[in-house]
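The sequence shown begins at 1 in our numbering and counts up by one.
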Amino acid sequence: MKRRLWILLLVLTLTHPLAAQKSKADSATTKKKGWRLFGNKKNKELEAVSKEKDKVSEEKKKVENEKQFLEWKNQNLSSQIDALDQQKKALDVQQHFLDSQLVVRNQSLKLMTEAQMKIQLTLLRQKQLLDSISFAKVIDSLKISDQQKILTQKEDQLRRQEAEVELQQSQRNLLIVVVLGVLVVALGIYRSLLNVKKYSKIIEEEKNKSEYLLLNILPKEVADELKKSGAAEAKHYEEVSVLFSDFVGFTFLAEKLPPQELVAELDYCFKRFDRIMGNNKIEKIKTIGDAYMAAGGVPVPDSDAHVRIVRAALELQEFIEARKQQRLHENLPFFEARVGIHTGEVVAGIVGEKKFAFDLWGDTVNIASRMESASLPGKVNISEDTYELVKAHFICSDRGKKDIKNRGEKGMYFVEREVLGD
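Structure follows, in structure tokens:
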């Protein structure tokens with residue numbers, strides 16, 4: 001047995017190098033093939049691992065989402081539990097309150113039972129009292145029946161007496177009615193007289209109002225003629241001074257001021273113009289937009305009207321300047337005015353059948369308007385014709401002759417001030 005083992009070892013020793021070389025060659029070939037197989041297998045394993053990793057990530061995301069959902073649901077459940085706890089507390093308070101009310105009500109029921117017993121006793125006593133009163137009432141009724149017989153007899157006597165009194169009273173009433181009738185008739189006549197006086201006074205007041213309104217529209221002389229004959233003829237006047245005034249930059253101001261404020265300021269100025277003209281006995285003719293027209297010497301000719309209209313023009317400019325300073329102080333837009341006056345012949349009167357208006361016609365009106373256009377803000381510009389009539393009463397500065405549209409050249413003067421002592 002030992003010999004066999006030694007032989008086997010010897011064979012193995014001799015064959016080992018060859019086997020080693022062969023195994024090395026085989027291993028090298030196998031190694032090459034193995035690396036290829038191992039690489040492909042490794043890639044497949046890596047891909048499988050990557051897929052498993054992705055699945056794990058997705059599972060992890062799902063778990064996270066479920067975790068968040070469960071946390072949100074847990075929060076909601078917590079808030080619901082808190083709300084239920086609060087409701088339970090409120091119900092406990094309400095139950096306590098109801099229990100206290102039940103106790104109070106039981107006590108009140110006990111008290112009511114005792115009170116009812118007392119009331120029953122009181123009712124029994126009252127019933128006994130009523131029975132006694134009823135008995136006394138029966139006795140009293142018997143006494144009353146006897147007394148009624150006596151009263152019946154007395155009533156018969158009184159009726160007879162009342163009949164006699166009524167007869168006398170009817171006679172007196174008839175006399176009183178007659179007297180009152182006479183007084184009522186007299187009072188009616190007196191009240192009728194008072195009503196006549198009252199209505200006469202009302203009619204007179206309405207007539208005065210109508211008269212005032214008519215005189216606000218027409219001059220008194222024209223209004224009187226219109227009332228008498230129902231018409232007033234236009235008349236020719238040899239020497240009339242016509243005044244025109246106009247606000248400078250009115251369109252610009254109209255853009256800056258609201259319409260209500262613009263009209264209010266215009267109304268304020270024109271009312272003041274009316275007073276100035278009235279104080280100087282100058283006839284206002286009309287307003288056209290922001291232009292104001294007045295005339296002196298109509299409808300009644302007056303040689304002194306030319307001086308008064310120039311004086312009124314100066315007062316008008318003084319008022320506009322004062323108003324300007326006031327508006328400047330209040331930091332508000334203001335008006336400035338140009339005034340022009342010309343004297344000449346005109347035709348004046350009313351035309352048409354409705355909405356009468358006193359107006360002037362003639363070249364004098366056009367030239368007066370040109371005098372106003374040629375004037376300057378704050379100035380009173382008069383024509384040479386007007387200057388010749390008022391030069392003794394006013395200090396004027398000569399402007400020379402200036403061209404007027406469609407009228408050629410015309411002498412003009414600025415009125416500076418009135419002569420002192422005039």
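Note that beta-carbon positions come from the ideal geometry of N, C-alpha and C, so glycine has one too. None of these values were measured; they are calculated from a predicted model.
DSSP bridge partner residues for Asn-381 (one or two, in chain order): Gly-340, Phe-414
How would you write the range of the alpha helix (DSSP H) that His-329 sits in, first residue to last? 305-329
Which value, in whole angstroms, describes the spacing of the CA atoms of Ile-350 and Phe-244? 20 Å
Between Val-415 and Val-248, is the Cβ-Cβ spacing less than 8 Å? no
Using 8 Å for Cβ pairs, my map puts Lys-284 next to Ala-291. What's the rounded Cβ distance? Not confirmed; about 12 Å, so no contact.
Arg-399, DSSP secondary structure in three states: strand
Closest residue to Met-412 among Leu-376, Asn-406, Val-419 (Cα-Cα distance): Leu-376
When DSSP labels each residue in this structure, what does Ser-241 get in the three-state scheme? strand
Buried versus exposed, by CB contacts within 10 Å (16 or more), Glu-47: exposed
Rounded to a whole number of angstroms, what is the C-alpha to C-alpha distance between Leu-183 and Glu-166? 25 Å
Check Ala-357 in the structure and name its three-state DSSP category. coil
Using 8 Å for Cβ pairs, my map puts Ala-424 next to Ile-288. What's the rounded Cβ distance? Nothing about residue 424 can be reported from this structure: the residues present for the chain run from 1 to 422 only.
Beta-carbon within less than 8 Å of Thr-364's beta-carbon, same chain only, minus the 5 sequence neighbours each way: which residues are those? Val-240, Val-242, His-342, Thr-343, Gly-344, Glu-345, Val-346
Answer yes or no: do Val-339 and Leu-316 have a C-beta to C-beta separation smaller than 8 Å? yes
Secondary structure of Phe-335, DSSP reduced to three states: coil
Quick one: measure Cβ to Cβ for Asn-381 and Ala-374, integer angstroms, because I've assumed they're closer than 8 Å. 6 Å
Assuming Tyr-237 contacts Gly-296 under a Cβ cut-off of 8 Å, what Cβ separation, rounded to an integer in Å, is found between them? Not really, about 11 Å apart at Cβ, beyond 8 Å.
May I ask whether a heavy atom of the ligand GTP can be found less than 7 Å away from the beta carbon of Asp-246? Because no ligand of any kind appears in the structure shown, any question about the ligand GTP cannot be addressed here.
Return the chain-ordered list of same chain residues with a C-beta closer than 6 Å to the C-beta of Ala-401, the five sequence neighbours on each side being excluded. Position check: residue 401 holds Lys in this sequence, whereas Ala was assumed. If we look at Lys-401 and ignore the five residues flanking it on each side, its Cβ neighbours are Glu-409, Gly-411.
Identify the continuous beta strand (DSSP E) that holds Ile-288 and give its terminal residues. 283-288
Please report how far the alpha carbon of Gln-68 lies from the alpha carbon of Lys-60, in whole angstroms. 12 Å
Could you please give me the residues that DSSP links to Ala-291 through a beta bridge? Asp-246, Ile-288
Which residues bound the alpha helix (DSSP H) around Glu-372? 363-373
Contact check, Leu-266 vs Pro-333, beta carbons under 8 Å: no
How many whole angstroms separate the CB atoms of Val-263 and Val-390, which I take to be in contact at a CB cut-off of 8 Å? Actually they are not in contact, since the Cβ atoms of Val-263 and Val-390 sit about 34 Å apart, beyond 8 Å.
Suppose you measure from the CA of Glu-71 to the CA of Gln-86; what does that come to, to the nearest Å? 22 Å
Counting C-beta neighbours from all protein chains within 10 Å, is the total for Phe-358 16 or more, i.e. buried, or is it exposed? buried
Determine the closest residue to Asp-403 out of Lys-379, Ile-367, Leu-420, with distance taken between C-alpha atoms. Ile-367
Endpoints, the alpha helix (DSSP H) within which Glu-265 is located: 259-279
Look up Lys-89 in the DSSP assignment and say whether it is helix, strand or coil. helix
Quick one: grab the DSSP three-state call for Ile-176. helix
Is the beta carbon of Pro-299 sitting closer than 8 Å to the one on Ala-348? yes
Would you decide whether Ser-383 is buried or exposed? Buried here means 16 or more other CB atoms lie within 10 Å of its CB. buried
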